[in-house]
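Visitor: So in the working numbering, the last spot in the first sequence is 591, and the numbers never skip.
Sharing a structure with you now.
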Amino acid sequence: MDANEIAAVFNEIAILLELRGENVFKINAYRKAARALETLTQPLDNLIAEGNLAKVDGIGKALLIKIETLHKTNRLEELEHLRGQVPPGLLEMLRLPGIGPKKVKALYEGLGIASLVALKEACESDQIAKVKGFGPKTQVNILEGIAFLKEGEGRVHRPIALEVANDLVNRLRQIEGVQRIEIAGSLRRLRDTVKDIDIVATLAPGVDPEGVMDVFVAYPQVVHVSGRGQTKASVVLEVRNPMMLSGRSRLGADLRLVAPENFAPALAYFTGSKEHNVRLRSLAIEAGYKLNEYALAGPNGPLDCPTEESIYRHLGLAWVPPELREMTGEIAAADPKAKSGLPNLIPMGALKGIFHNHTTASDGNASLEEMALAARELGLEYFGVADHSQSLGIANGLTPDRVKKQWTEVDLLNAKLEGVHIFKGTEVDILEDGSLDYDDALLAGFDYVVASVHMYMNQPKDEMTARIIKAISHPSVTMLGHPTGRLLLRRNAYAVDLDAVLAAAMKHQVMIEINANPWRLDLDWIHVRRARELGILLVINPDAHATNEIANIRYGLEVARRGWCEAEDVFNTRGVLEVTKHLQERKERKG
DNA sequence: GCCGTTTTCGGCCCGACTGTTTTCAGTCG
1 MDANEIAAVF NEIAILLELR GENVFKINAY RKAARALETL TQPLDNLIAE GNLAKVDGIG
61 KALLIKIETL HKTNRLEELE HLRGQVPPGL LEMLRLPGIG PKKVKALYEG LGIASLVALK
121 EACESDQIAK VKGFGPKTQV NILEGIAFLK EGEGRVHRPI ALEVANDLVN RLRQIEGVQR
181 IEIAGSLRRL RDTVKDIDIV ATLAPGVDPE GVMDVFVAYP QVVHVSGRGQ TKASVVLEVR
241 NPMMLSGRSR LGADLRLVAP ENFAPALAYF TGSKEHNVRL RSLAIEAGYK LNEYALAGPN
301 GPLDCPTEES IYRHLGLAWV PPELREMTGE IAAADPKAKS GLPNLIPMGA LKGIFHNHTT
361 ASDGNASLEE MALAARELGL EYFGVADHSQ SLGIANGLTP DRVKKQWTEV DLLNAKLEGV
421 HIFKGTEVDI LEDGSLDYDD ALLAGFDYVV ASVHMYMNQP KDEMTARIIK AISHPSVTML
481 GHPTGRLLLR RNAYAVDLDA VLAAAMKHQV MIEINANPWR LDLDWIHVRR ARELGILLVI
541 NPDAHATNEI ANIRYGLEVA RRGWCEAEDV FNTRGVLEVT KHLQERKERK G
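Structure below.
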């Protein structure tokens, strides 16, 4: 097993121990070790070979032996023993918001409930409220939680699906006779979560499709083959998913084999969205054609469509990038006669720096220097440090004294490092009443200020809205961090009137963050688009807590593209000189 | 289970919310 797989085992052990009511500090030790494994700076093999694993913080004698056992044998007796003692249904119950190990244990021991299905029935027949420690409110919350989980069921975050899809496609591409092969579907449209993987491929004439299908269904992560024919096969994959308590998730994958001349129509068809396709088909009919997954055909047979561009061209349209095919105005914009055409989308490598990042000073796991160097390594010109502010004790937020020490450190590093400039920032907490977690004098000393909500997320909508607007009205605030607080497939956005917030951001010339953490992606694309239309400047930030999280900016760029952004809509496409000038002028103006 | 110029036991980021109680346990970040 590699480090990530062992980390998943430790996380699973932690959950199982929790359900058994074990010592919480022991449980935390497993979690801490898992996190350490996930963020190793050296390969696990080397650490073991050189006997340096025990030097890693959080890994002691007992866990060292377990790591070595798992690494060597892929098995751990303790895990199997624990799995045998805890009904698997308890793990899914833990996914309910507001339900933790103690409550699950109480329900299991009190009513014998060991699955979400049984729990739902017990709620509906009013049994739960009778258990000690539970009441009518909890019963309602459980039912709402079950409904929420259902909604997200079967969807996985983009990086998880993308990793396995790329691997699968690379494997299929190596088969002799496979000519063109592409990922289609929502993955190609850059959606933040996906339900399944769609792959379209063509074979050279005379190649037997069976051989390709054999490889597809024999892919190691396939756990179920739900269909298999000459042109289409469907499987269910089991993939590693750190977001799930079990560490695993299932998602479907479809492979479609088409004749070479049908490739472009098939790719377009299976890319979707369904609504976009429906509109394209009706345009085809208006033009006297017929469009389906095989061809765009006229009265005299199929038209030559070797590329997607040619299909759109036959319909009198410019090619629409897949990420815009959501039937939100893209077809009208693709008309050459349209007043405003399709956007010139921000290129994937367009960012020159980042602003929202953490270091070991708060809750990051790399030093300021390590983070800045990692940014430089990725070709960025500047790195903004924005550690948490003092009230966020859980994240080791910085007191004013520690802020000033960090400023000194920044100055020293800027004198020393070449090729990367460090900006002094903070992720200051927006307190319950909308005031900020540092005084005005200190705030004025930063190059820029990211303001974010981390506490009191359950405020009523009008209070939350007023709170955020008050915060971004503060003259020192440069950008609003993760504006809605959502966690994809995990937690909904908090109640907030986002349009009112955007209007205030516009008024006060505050930037809005696209948080590129792939588990957040907050602001979402639809609101990115709205912000852009209002003329609000956006900023893409990784919210990195480790050096390897800086590369997450790609997911933020994808959201920006889905939100129709061009390079000029995003602040950090600007170079270090321009950014410095902008931040300075802004401070002088707001003074 | 980890960690230690507190060195082999006794701590382990901790404050606030929610829903249940009638002073608090469980959950969350």
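Beta carbons: idealized from backbone N, C-alpha and C, even for Gly.
Bear in mind that the values here come from a model prediction, so they are computed numbers and not experimental data.
(1) Pull up the distance between the alpha-carbon of residue 121 and that of residue 111, whole angstroms please.
(2) Tell me whether the stretch 166-183 and the stretch 201-210 touch, counting them as touching only if at least three CB pairs, one residue from each stretch, are closer than 8 Å.
(3) To the nearest angstrom, report how far apart residue 437 and residue 348 are at their CA atoms.
(4) Should residue 213 go down as buried or exposed, given a rule of 16 or more other Cβ atoms within 10 Å for buried?
(5) Look at the alpha carbon of residue 282 and the alpha carbon of residue 197, and state the distance between them as a whole number of angstroms.
(6) Pick from 75, 414, 37: whose alpha carbon is nearest that of residue 60?
(7) Quick one: complete alpha helix (DSSP H) runs, 4+ long, within the stretch 272-333?
(8) Could you check how far apart the C-beta atoms of residue 334 and residue 317 are, in whole angstroms? I think they sit under 8 Å.
(9) Kindly give me the distance between the Cβ atoms of residue 514 and residue 559, rounded to whole angstroms, as I take these residues to be in contact under 8 Å.
(10) What span of residues does the alpha helix (DSSP H) with residue 408 cover, start to end?
(11) Please state the DSSP three-state secondary structure of residue 134.
(12) Checking 8 Å against the spacing of the C-beta atoms, do residue 39 and residue 365 come in under that value?
(13) Where are the beta strand (DSSP E) runs, 3 residues long or more, that stay fully inside the stretch 156-223, in chain order?
(14) Quick one: grab the DSSP three-state call for residue 243.
(15) Look up residue 419 in the DSSP assignment and give the residues it is bridged to.
(16) Going by DSSP, what residue range makes up the beta strand (DSSP E) through residue 256?
(17) What would DSSP say about residue 447, mapped onto helix, strand or coil?
(18) Using the three-state DSSP reduction, which class does residue 568 fall into: helix, strand or coil?
(19) I need the straight-line Cα distance from residue 22 to residue 86, nearest angstrom please.
(20) Which residues bound the alpha helix (DSSP H) around residue 437?
(21) Output the boundary residues of the alpha helix (DSSP H) element that contains residue 385.
(22) Among residues of its own chain, excluding the 5 on either side of residue 472, which ones have a beta-carbon nearer than 8 Å to its beta-carbon?
(23) Would the stretch 162-176 and the stretch 131-149 be scored as touching if the rule is three or more Cβ pairs under 8 Å?
(24) Is the stretch 357-374 touching the stretch 397-408, taking contact as three or more C-beta pairs under 8 Å?
(25) Compute the distance between the beta-carbons of residue 239 and residue 221, then report whether it is under 8 Å.
(26) With a CB to CB cut of under 7 Å and the five nearest residues on each side skipped, what residues in its chain are close to residue 44?
(27) Quick one, which of 326, 225, 274, 78 has its alpha-carbon nearest residue 254's?
(28) Who are the Cβ neighbours of residue 484 in its own chain at under 6 Å, not counting the five residues just before and after it?
(29) Under 8 Å, do residue 89 and residue 125 count as touching if we go by C-beta distance?
(30) Have a look at residue 47 and residue 53 and give me their C-alpha separation to the nearest angstrom.
(31) Count the other CB atoms, across all protein chains shown, that sit within 10 Å of the CB of residue 25; report buried if there are 16 or more and exposed otherwise.
(32) Can you say whether residue 277 is buried or exposed, counting buried as having 16 or more other CB atoms within 10 angstroms of its CB?
(33) Measuring only the C-alpha atoms, how far is residue 543 from residue 589?
(34) Please state the DSSP three-state secondary structure of residue 234.
(35) What does DSSP give as the partner residues of residue 426 in its beta bridges?
(36) DSSP has residue 225 in a bridge; who is on the other side?
Guide: Inspection of the coordinates gives the following:
(1) 12 Å
(2) yes
(3) 35 Å
(4) buried
(5) 27 Å
(6) 37
(7) 274-286, 308-314, 330-333
(8) 4 Å
(9) 5 Å
(10) 400-416
(11) coil
(12) yes
(13) 178-183, 196-203
(14) coil
(15) DSSP output for residue 419 lists no bridge partner at all.
(16) 248-258
(17) coil
(18) helix
(19) 13 Å
(20) It is not in any alpha helix (DSSP H) - residue 437 carries neither H nor E in the DSSP assignment.
(21) Not the alpha helix (DSSP H): residue 385 falls in the beta strand (DSSP E), residues 382-388.
(22) 451, 480, 501, 504, 505, 508, 510
(23) no
(24) yes
(25) yes
(26) 2, 3, 71
(27) 225
(28) 493, 522
(29) no
(30) 5 Å
(31) exposed
(32) buried
(33) 28 Å
(34) strand
(35) 387
(36) 235
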